[in-house]
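Notes follow the structure.
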Amino acid sequence: MTKQTVKAATIMLQGTASDVGKSVMTAALCRIFKQDGYRTAPFKSQNMSIHTYKTKDGGEIGASQGMQAAACGIEADADMNPILLKPCGEMRSQVILRGRPLADLDARAYYREGFLDEAQIAARQSLDRLREQYEIVVIEGAGSPAEINLRDRDIVNMRVAEWAEAPVLLAADIDRGGMFASVVGTLELLEAHERARVKGIIVNKFRGDVSLLLPGIRWLEERAGIPVVGIVPYLPDLRLADEDSPAEFDRLADHVRQAVDMSRIYTIMGLNQEGRNKG
Numbered sequence: 001m002t003k004q005t006v007k008a009a010t011i012m013l014q015g016t017a018s019d020v021g022k023s024v025m026t027a028a029l030c031r032i033f034k035q036d037g038y039r040t041a042p043f044k045s046q047n048m049s050i051h052t053y054k055t056k057d058g059g060e061i062g063a064s065q066g067m068q069a070a071a072c073g074i075e076a077d078a079d080m081n082p083i084l085l086k087p088c089g090e091m092r093s094q095v096i097l098r099g100r101p102l103a104d105l106d107a108r109a110y111y112r113e114g115f116l117d118e119a120q121i122a123a124r125q126s127l128d129r130l131r132e133q134y135e136i137v138v139i140e141g142a143g144s145p146a147e148i149n150l151r152d153r154d155i156v157n158m159r160v161a162e163w164a165e166a167p168v169l170l171a172a173d174i175d176r177g178g179m180f181a182s183v184v185g186t187l188e189l190l191e192a193h194e195r196a197r198v199k200g201i202i203v204n205k206f207r208g209d210v211s212l213l214l215p216g217i218r219w220l221e222e223r224a225g226i227p228v229v230g231i232v233p234y235l236p237d238l239r240l241a242d243e244d245s246p247a248e249f250d251r252l253a254d255h256v257r258q259a260v261d262m263s264r265i266y267t268i269m270g271l272n273q274e275g276r277n278k279g
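Taking the UniProt record's numbering, the leading residue of the sequence shown gets 1, the next gets one more, and so forth.
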């Protein structure tokens with residue numbers, strides 16, 4: 001009888017918009033799970049960035065996934081970011097597939113010439129390999145899952161959550177204002193089956209007296225029917241670009257652990273205990 005492979009547990013960070021803190025929050029969860037004794041890896045199916053990271057075998061992935069791998073205490077590899085789009089001017093991007101340059105394409109060609117199907121296959125294969133190698137995979141989305149014009153071409157948000165059987169945490173940036181509207185609006189624009197995947201809300205970059213925020217949090221939980229699992233204070237002077245700075249990853253993890261209900265997150269992921277404390 002063939003031994004069945006046990007796939008990694010998953011959790012996905014999506015956001016109400018770009019720059020709400022998904023990459024840093026993903027790194028924080030990666031570090032927390034590592035501290036709690038789990039073999040953990042990051043994953044982002046598709047990234048668009050000029051900031052890149054060279055893997056040990058010379059492949060190229062997004063810098064954020066290189067940083068997140070360092071938070072996990074592991075070597076980064078191309079499966080952690082199988083599709084990288086590097087803007088190269090004139091509305092074109094260099095398409096890097098599994099760490100290797102493939103072609104320079106504009107957006108229309110990217111979607112028209114059948115590459116989307118190839119990208120989707122590559123992303124699923126990379127995700128499956130990570131789930132076979134690790135115990136937890138922390139997945140980062142891109143932009144917002146509620147971009148109506150991109151829904152049929154989505155290979156980075158809710159479709160990935162479905163592939164990974166991942167519960168979703170929705171992160172919102174309160175520092176820029178409009179947090180309540182952005183959360184409610186995002187949830188309203190999701191399809192019913194997509195909304196059902198959202199198991200928690202994280203309020204990020206909070207400054208001030210949290211007691212003044214709590215009435216709004218209670219209203220949001222009642223309106224959305226989804227718990228707020230964390231109110232994360234703004235963390236200044238965070239330097240995560242240097243993979244040789246474990247103290248910064250630990251500082252981030254401690255900061256987030258104090259602000260987020262990790263017991264609830266473990267339960268959401270189907271894990272029955274808060275870590276295994278292997279050290």
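Even glycine gets a Cβ: it sits at the ideal position worked out from N, Cα and C.
Every value quoted in this text rests on a predicted model; they were computed, and no experiment measured them.
Given 8 angstroms, three or more beta-carbon pairs between the segment 90-99 and the segment 52-64: yes
Which residue marks the beginning of the beta strand (DSSP E) containing I136, and which one marks its end? 136-140
How would you write the range of the alpha helix (DSSP H) that T26 sits in, first residue to last? 22-35
Secondary structure at A9, three-state DSSP: helix, strand or coil? strand
Quick one: grab the DSSP three-state call for S245. coil
Would V20 be called buried (16 or more neighbouring beta carbons within 10 Å of its own) or exposed? buried
For V256, collect the residues of the same chain with a Cβ closer than 8 angstroms to its Cβ; drop the 5 residues on either side in sequence, then sort them by chain order. M25, A28, L29, I32, G230, V232
Under DSSP, the alpha helix (DSSP H) around Y53 begins and ends at which residues? Y53 -> not in any alpha helix (DSSP H); beta strand (DSSP E) instead, spanning 52-54.
Beta-carbon within less than 7 angstroms of W163's beta-carbon, same chain only, minus the 5 sequence neighbours each way: which residues are those? R124, L127
So, helix, strand or coil for T267, using DSSP? helix
Under a Cβ-count criterion, where at least 16 other Cβ atoms within 10 Å of its own Cβ denotes burial, should T5 be classed as buried or exposed? exposed
Is T40 helix, strand or coil when you go by DSSP? strand
Smallest Cα separation from I148: which of L130, V228, M158? M158
Note down, one range per segment and in chain order, each alpha helix (DSSP H) of at least 4 residues found wholly within the segment 115-186. 115-133, 158-164
Please name the residue, chosen from N81, D77, D104, that lies closest to G89 on a Cα-to-Cα basis. D104
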